[in-house]
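Some notes on the structure that comes next.
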Amino acid sequence: MAIKNDAESLPSHEEKRKKRMKWAAYIAAFAVFQVLVIVVFVLVIMKARTPKFRVGTLQINSLETTQAPSFNASFVALIRVKNNNFGPFKYDSANVSFTYGGVQVGEATIPKSKANFMSTKKIDLDVKLSADKLPSSANSTLSGELKSGVLTLMSEATLSGKVEVMIIFKKKKSTKMNCTMEIDVTQKLLKSVKC
């Protein structure tokens, strides 16, 4: 009978070993799954991307040109700050410079604010431009542009701030805007914007 008990205990011992191996495999598979979930979470959601910052449209209030050649203009520029992060982008105030031929002809200030997560913040800026500061060397280029009816301006700015991801992580991000705008002088409309 002792031999029979040993023979019976052998399969039950083998079954217990198989059960333990099965449980170990389940635990290992679960641990691998958890590691994959954490890696995807860190790489996709926790990654802080650089927000996009550009001029959207212009609403021209006034545009005066003279034969001198010279121009004065006032308009409302729609600035867009697009935040593709899973957390808000809080940015400091910044100055937007409007230039013609590399010379600043106007400036506007973007107030300190924030762009919410996965959204676009729209900011209206009142801008006044004056060609009074242009050197005489720019007169021939400006005269040609005014005769052709298209005035080319550049807008440049740097917006610095922090992206808050999951309220815990804060990463400094800085985005630059460098846009070229063509304004139709005769119709007083924005012809194109390239950023």
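Numbering (UniProt numbering), first residue to last: 1 to 195. We put the CB at the ideal spot given by N, CA and C, even for glycine. These figures come from a predicted structure and were not determined experimentally.
Next item on the list: Kindly indicate which three-state DSSP category K173 falls into: helix, strand or coil?
Entry: When DSSP states are grouped into helix, strand and coil, K173 belongs to the strand group.
Next item on the list: Check whether the segment 112 to 126 touches the segment 88 to 99, taking contact to mean three or more Cβ pairs, one atom from each stretch, closer than 8 Å.
Entry: Because the criterion of three Cβ pairs below 8 Å is met, the segment 112 to 126 and the segment 88 to 99 touch.
Check: Is the number of C-beta pairs between the segment 32 to 44 and the segment 156 to 171 that are closer than 8 Å three or more?
Finding: Segments in contact, no.
Margin query: Which residue marks the beginning of the beta strand (DSSP E) containing K147, and which one marks its end?
Written below: In the DSSP assignment, K147 falls outside any beta strand (DSSP E) and lies within the alpha helix (DSSP H) extending over 139 to 148.
Item checked: Where Q104 sits in the DSSP three-state scheme -> Reduced to three states, the DSSP call for Q104 is strand.
Next item on the list: Tell me whether R49 sits in a helix, a strand or coil according to DSSP, three-state version.
Entry: DSSP places R49 in the coil class of the three-state scheme, outside both helix and strand.
Check: beta strand (DSSP E) containing I123: first to last residue?
Finding: First-last of the beta strand (DSSP E) with I123: 119 to 130.
Check: With 16 as the cutoff for other CB atoms within 10 Å, does K47 come out buried or exposed?
Finding: Residue burial annotation: K47 is exposed, with fewer than 16 other C-beta atoms found within 10 angstroms of its C-beta.
Checklist line | Enclosing beta strand (DSSP E) for S74 [first to last residue] | finding: Element bounds for S74: 70 to 83.
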